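Data first, discussion second: the structure below is written as structure tokens.
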Amino acid sequence: MNNNSEIIARITGLLYPFIIIFGVYIILNGHITPGGGFQGGAVLASVFISRYLVYPFEDIKIKSLQLAEKLLFFSIIMIPILFLFTGFNYSAGQANSYYLIGMNLLIGFKVCFGLTIIFFRFVFYEGEK
């Protein structure tokens with residue numbers, strides 16, 4: 197049985213879409229304004245963390261998050277290397293914006309998954325020792 201207040205659960209449930217929109221907004225506008233992948237990813241991770249604080253159950257698959265984080269890390273490393281070896285000139289105006297937005301998205305989701313993994317590792321596994 198959950199001992200948390202139903203009011204807190206409903207309010208946080210109503211706030212989740214706004215937090216997600218704000219995190220994605222920070223990520224997408226990171227190449228123009230202060231912010232970007234790391235800051236937006238931290239905001240997105242707060243959705244998972246606050247969800248656990250309201251419903252403290254272990255129903256998130258950490259292995260899936262770790263796999264997604266590894267794939268994102270691989271993409272973050274390989275895309276610039278691919279552009280370097282193919283001679284793609286991504287500093288030409290509009291293409292530079294698309295490149296930066298794409299990299300901010302990859303970094304943002306990697307940070308989101310990474311912070312979520314760290315939080316759940318501390319909560320579920322490190323407390324057992």
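Just so we're on the same page, my numbering is the position in the sequence shown counted from 1, plus 196.
Ideal Cβ positions, reconstructed from N, Cα and C, are used throughout, including at glycine.
None of these values were measured; they are calculated from a predicted model.
Point to revise | N300, buried or exposed, once every other Cβ within 10 Å from all chains shown has been counted against 16 | key: buried
Check your understanding: With 16 as the cutoff for other CB atoms within 10 Å, does L302 come out buried or exposed?
Key -> buried
Review point. If you check the beta carbons only, do Y212 and V243 fall under 8 Å apart?
Key: yes
Review point. Going by Cα to Cα distance, which pick from Y294, C308, V250, G232 is closest to K266?
Key: C308
**Study point:** Start-end ranges of the beta strand (DSSP E) lying completely within the region 226-259, minimum 3 residues
**Key:** none
Review point. If you draw a straight line from the C-alpha of F270 to the C-alpha of F214, how long is it?
Key: 30 Å
**Study point:** L296 versus M274: straight-line alpha-carbon distance, rounded
**Key:** 15 Å
Point to revise | Buried or exposed (CB count within 10 angstroms, at least 16 for buried), F234 | key: buried
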